[in-house]
Amino acid sequence: MSDFTNAAKSATQKMRALFEPTPLQRNDYLSTKYGAEIYLKREDLSPVRSYKIRGASNAMGKSLAARPDQTRFVCASAGNHAQGFAYACSHFGVQGEVFMPITTPQQKIDKTRAFGGENVKIRLTGDYFDQTLEAAQSHCSEIGAHFLAPFDDPDVIEGQASVAVELLDQIKDAPDIIILPVGGGGLSAGMTRYFGSTAPKTQFRYVEPKGGASLTAALRQGGPITLNNIDSFVDGAAVARIGDHTYSALKDVRPEDVHLAPENRICETILELLNVEGMVLEPAGALSIDVLDDLAGDVKGKTVVCVTSGGNFDFERLPEVKERALRYAGIKKYFILRMPQRPGALKDFLGLLSPDDDIARFEYLKKSARNFGSVLIGIETKKAEAFDDLFARMEKAGFDYRDITDDAVLSEFLI
């Protein structure tokens, strides 16, 4: 048994002073859908609704064991790490400062304050996380505090491995496949290392948001690199650069075992789980389930564990999630229509719609043209193929249009 394995087991035992093991639940709906025995490791049901409490508490506890006089800690986070950090500060009775971007939603600020109480001070600084991180690290150096990293720290990785320790205690036989979300890599690094020494026959599949595929880029380049642009929608996993320590544990992962989840498809998965199972998952927490469609052939007839990494979903985002899910399903589209400036033109267009076509948006963009005006139209229907018929009718009637549903630039400005 490796030193890492023993350390992960010890960390898991110490966590029992903070919280009970998160459930491992067989999911009947997913098992039937994919013809497999599918279990969910419910990290969304931890006290802070994510696994981040594990790494934060382990790293903080080990720091205090090594230096009992070190009672000040600092972190930078706008989400789950901040809440895990705050919970750990309250448990250990130390003073912590959480640096958050000024743009952090009030809900996340309030939850962090609730978990930390008088032991945590929140500082809002910087419009972007990189600015927040720089301010936090600079302040930490000035006051001689301990900076608690969100993922790229051996003690944090060791703490996240406690998910693997619990999982093997909760299941009869080691699973055939474990599906893990990847952001900075702390969870995936810890679990991969632990299973590598305790249940090496278990296979892993990793999933990243398509707009933040830092592990994919690192495996391609042979080392961590910083992505030029990321889509921050999957805020719990959209990381521009995977950690050096985490990459060291994942560098031998086969590139074909890393899968990318489109952000709009993740929205479909969030809604499916909410409507069918009553589960509330944040975008990062839904990653491991979202990729099941891509892995349907691999998982059939096998025992599979999906780690649902977090459930801190802000319901103010629900309209956006619904919108993106409809667009991914192909049943909602936006287009710019050149509307002839003549009496009856609008009536002619409306006559082309079927009873299932619902106008969700109608806005004149330009009325100054003498012969034509530009109109932004959003239409929702029941079946994706209905748009082929609608567009054919429009073309036959002489209406000129441009589909901008998947045009990132125009969508950002117009929709």
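Per the working numbering: the sequence shown = residues 120 to 534.
Note that CB positions come from ideal geometry on N, CA and C, so glycine has one too.
As the structure is a prediction and not an experimental result, all values here were calculated from the model.
The alpha helix (DSSP H) that contains Arg-360, what's its start and end?
Going by DSSP, Arg-360 is part of no alpha helix (DSSP H) at all; its letter is neither H nor E.
As an exercise, report each continuous beta strand (DSSP E) stretch of at least 3 residues that is fully enclosed by the stretch 354-412, in chain order.
377-380
Can Ala-357 and Ile-344 be called in contact, C-beta distance under 7 Å?
Not in contact: Ala-357 and Ile-344 (Cβ atoms no closer than 7 Å).
Taking the beta strand (DSSP E) that Gly-492 belongs to, which residues open and close that run?
491-499
Would you say Leu-164 and Cys-425 are within 7 Å of each other, going by their C-beta atoms?
no
Should Glu-277 and Ala-184 be called a contact, given that it needs their Cβ atoms to be closer than 7 Å?
For Glu-277 and Ala-184, no; Cβs fall outside 7 Å.
To the nearest angstrom, report how far apart Glu-531 and Asp-525 are at their CA atoms.
Asp-525 has its alpha-carbon roughly 10 Å from the corresponding atom of Glu-531.
Could you name each continuous beta strand (DSSP E) segment of 3 residues or more that falls completely within the stretch 206-275, going from the start of the chain to the end?
214-219 and 239-243
Just tell me which of Asp-467, Glu-327, Ile-498 and Lys-419 has its CA closest to the CA of Gly-449.
Ile-498
Taking the straight line between their C-alpha atoms, what separation do you get for Arg-324 and Thr-427?
14 Å
Cβ atoms of Pro-328 and Ala-380: under 7 Å apart, would you say?
In this structure, Ala-380 sits near Pro-328, with a CB-CB distance shorter than 7 Å.
Is DSSP giving Asp-292 helix, strand or coil here?
Coil, per DSSP.
Span of the alpha helix (DSSP H) holding Thr-335?
333-340
Quick check: the stretch 185-196 against the stretch 251-261, are at least 3 beta-carbon pairs closer than 8 Å?
The stretch 251-261 vs the stretch 185-196: in contact.
Using a Cβ-Cβ cutoff of less than 8 Å, which residues in the same chain neighbour Tyr-313 once the five nearest sequence positions on both sides are dropped?
Phe-123, Thr-124, Ala-127, Ala-280, Ala-283 and Val-284
Which same chain residues, not among the five before or five after Asp-376, have their C-beta less than 7 Å away from its C-beta?
Phe-323, Arg-324 and Tyr-325
Apply the 10 Å Cβ neighbour rule to Asp-271 and answer buried if 16 or more other Cβ atoms are within range, or exposed otherwise.
buried
Indicate whether Thr-388 and Asp-409 have their beta-carbon atoms separated by less than 7 Å.
yes
Since Gly-303 and Thr-365 are thought to touch, with beta carbons under 8 Å apart, how far apart are those beta carbons, to the nearest angstrom?
6 Å
Chain B beta carbons: is any one of them nearer than 7 Å to that of Ile-228?
This model lacks chain B altogether, as it is built from one protein chain only.
Does the distance from the CB of Tyr-170 to the CB of Val-418 come in under 7 Å?
no
At a cut-off of 6 Å, would you count Cys-259 as near the ligand MN, judging by its Cβ distance to the nearest heavy atom?
This structure lacks the ligand MN, and indeed carries no ligand of any kind.
Considering just the uninterrupted stretch of the alpha helix (DSSP H) at Ala-444, what are its terminal residues?
437-448
How would you label Ala-527, buried or exposed, when you count the other beta carbons within 10 angstroms and need 16 or more for buried?
exposed
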